Structure formats: structure tokens, C-alpha cells
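Right, one structure below, let's go through it.
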């Protein structure tokens, strides 16, 4: 989308803070990836312990769960056309999605 490219960036491609537009669509995606350029942040250590692996169902069950979740339909706000969960991920420029249910990964993209 060309956000913040060039020097100076064109006014329509400029994202600034604290004018609040940096967290509105479609600027949100760029802003989240560059949040440390807007606000003071702090890196938090996970500690010295080993990471805990995530629990997954069997490959066949995992594939079935993914297909079922991808097929869920809903009516987006302000629309008369139903959309599937899978379609919504593309429509919202989703980079990644993980769904945990009762401590087990049931969906990952």
C-alpha cells in the first residue's frame, strides 16, 4: 500500500501519532508492525524456563477442524452478503490466526 515510503512520504501515505489514524484500517497493519516507531515499548522476557509446546489434535482431526472453521458463515456488519471465516481472513488482510480451545490448538493459518 506504500505507507511511509519516500522522503518525505506523500501526505496520503503518511502515518503519524497521536492523531489516532495510525490505528485505523487500512493503516493498522503497517502501524502494528512499526509500533516501536510510534510509542515507547519494552521487551518482556519469557523467563529462563523452556517454552511449553502447544498441544495439537491428530493431523486428520486438525484438518477436519480447520475445514469446519473455514466454512463458518456470518453476515459482516453493514453487508447483506454472507461471508465465510476463510474469506474474512483474506478480506481483513490477516497475517496469521491461531485458535486455542481448552488448551489445544484447533485452528492455525
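In our numbering, the protein residues as written are -18 to 90. We treat Cβ as the ideally placed atom computed from N, Cα and C, and that holds for glycine. The structure presented is a predicted model; accordingly, all values stated were derived computationally and were not measured.
Simplified DSSP assignment, three categories, for residue i
i	result
residue 9	helix
residue 49	helix
residue 89	strand
residue 76	coil
Residue i: first and last residue of the uninterrupted alpha helix (DSSP H) it sits in
i	result
residue 68	66 to 72
Run of the beta strand (DSSP E) containing residue i, from where it starts to where it stops
i	result
residue 79	79 to 82
Beta bridge counterpart(s) of residue i as assigned by DSSP
i	result
residue 55	64
residue -7	According to DSSP, residue -7 bridges with nothing at all.
Touch check for the segment 44 to 55 and the segment 64 to 76: three-plus C-beta pairs under 8 Å?
yes
Sufficient close CB pairs (3 or more, under 8 Å) joining the segment 68 to 80 to the segment 18 to 28
no
Flag this pair as touching only if the segment 30 to 46 and the segment 71 to 85 have three or more C-beta atom pairs under 8 Å; answer yes or no.
Yes, since at least three Cβ pairs between the segment 30 to 46 and the segment 71 to 85 fall closer than 8 Å, the two stretches touch.
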